[in-house]
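Its first residue numbered 1, the sequence shown is counted upward by one per residue in the UniProt record's numbering. Where is the CB? At the ideal position from N, CA and C, for every residue including glycine.
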Amino acid sequence: MHRFALQPACHARPSAQASRLLRCALFWSLLLWAATGQSAGGRNALDAIVERAGNLERTHTLLVAVDGETVVARGFRGHDVDTTANIKSLSKTWMATLVGAAIDRGMIESVDQPIGELLGPRMPHGADERVARITVGQLLSMQSGLERTSGANYGSWVASRDWVANALQRPFVAEPGTRMLYSTGNTHVLSAILTRASGRSTLALMRDWLGKPLGIDIPPWTRDPQGIYFGGNEMGMTPHALLVFGEMIRRGGRVGEQQVISRDWIESSWRGRTRSIYTGDAYGYGWFTTDLAGVTAHYGRGYGGQVLFVVPERQMTVVMTSDPTPPSDGRYFGRQAEIVEALIEAD
C-alpha cells in the first residue's frame, strides 16, 4: 500500500473521537481488506464496489485513498497503477493548477489580467480587438466567448500551423464571461502565456512546481508547431501520480510541511462560475463540482473515462483510468460517478 503523511480518523481530537468512532472502525476494516484481501464476513462492501468498477468495460485502474491511506490500488485488463496513461482532458485540471502556481509566484498578476498584456507579440494579427481583453480567469472557466476548438472543430485546429493564433482568431459566439464553451484552445493559450511569462517550457514548470514537491515523474507530451506544450490534452501520468496530486489538492495544497499551491487558489478553482451543458455540474478553474451521496465532490475528467475525484468531507480521493480510444459514450462518466457515490456511501 502507498502511505500518505496523514493521521487516520481515529487519531482525531478527544472531543471528536466518539462521533467518529464508527467511521474509524470502518476505516481500519478497509485497510485490513486492502492489506490481506480477506473479509471476515465474505465479500465486503468495498470488495463489491471494486468488482463493479472492474466490470465497467473500459476500466484500466481504480485507486482510492481515505484519510490519507490508499485502500484500493487495482489494475484491470493487464493494466497497473504505475504505468503511464494518457489522461486526455484531465490535463486541464493540471494546467489550471499550474496557472494558480504562477499567480502564487506573481508571474501572472491575477485571474483578472487581460491576456493581451501577457501574450504581447504572440497576439495574432487580425484578431478581434476584444480578444486582448479576455482575462486569464475567462480562459480557465471556459468563458472566453470564442468559437470552440473542441468537438467538431478539434481536428482542423490541431492540423493548423499555429494553434494559439487559430484559437484566438475565431469569431465570438458569446460575450466573454457568460456561458461555458468548452474549448481546449482556451487552456492551450494558457500554456503559451505560461511559456512567455516564465521563459521556460510548460513541461519545465510542471516538473519544478508540481512534480518535484509531489515526488512524481512528469514525462514530456505533445507540443504544437511552435514548440509549446499542449495545454489541456494528451498529458501522460501514472494513476498513482494522479492520486498523489489529488491528495495534495484535498489537503489544501500541502505535501508534508510544504505548501505546493495556495489553499486560496484551490478554493477559488472549486468555486463554480458556469455550468456544463451536458451534466449541469458547476465549473470553476479546471474543476467540476457536483453532489454525490449528499456531499460535495470536485472532479476533473478526460475523454474515455480518465477521472479524478476529490471529496473533502469524506477525506477521500478517487482515481479511475480507462481505455482512451474512441468511441466512448458520454454516459460512461455517469457510471463512474455511481462508483464514486457507492464508495462515499460505504465510507
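- GLY100 carries a helical assignment under DSSP once its states are collapsed to helix, strand and coil.
- Rounded to the nearest whole angstrom, the C-alpha separation of THR238 and ARG170 is 35 Å.
- Within the region 291 to 335, no run of alpha helix (DSSP H) reaches 4 residues while sitting entirely inside it.
- In this structure, the beta-carbon distance from ILE49 to ALA342 falls below 8 Å.
- One alpha carbon belongs to SER91, the other to GLN138, and they sit about 18 Å apart.
- In this structure, the alpha-carbon of ILE344 lies about 34 Å from that of ASP208.
- For the pair ALA346 and SER269, the Cα-to-Cα distance works out to about 28 Å.
- For ALA73, the enclosing beta strand (DSSP E) begins and ends at 69 to 75.
- The continuous beta strand (DSSP E) containing HIS60 extends over residues 59 to 66.
- With a cutoff of 8 Å on beta-carbon distance, SER191 and MET95 are scored as near each other.
- Sequence-distant Cβ neighbours of ALA165 in its own chain, meaning closer than 7 Å and more than five residues away, are PRO124.
- In the DSSP assignment, PHE245 falls within the alpha helix (DSSP H) that extends over 239 to 250.
- DSSP places ASN166 in the helix class (H, G or I) of the three-state scheme.
- LEU140 and TYR285 have their alpha carbons spaced roughly 5 Å apart.
- Every unbroken stretch of the alpha helix (DSSP H) spanning 4 or more residues and falling wholly within the region 81 to 130 is given here in chain order: 91 to 104 and 115 to 119.
- Between the alpha carbons of ALA85 and GLY236 lies a distance of about 5 Å.
- When the alpha-carbon of GLN226 is set against those of LEU205, SER201 and THR59, the nearest one is in SER201.
- For TRP265, the enclosing alpha helix (DSSP H) stretches over residues 263 to 270.
- In this structure, the beta-carbon distance from ARG301 to VAL307 falls below 8 Å.
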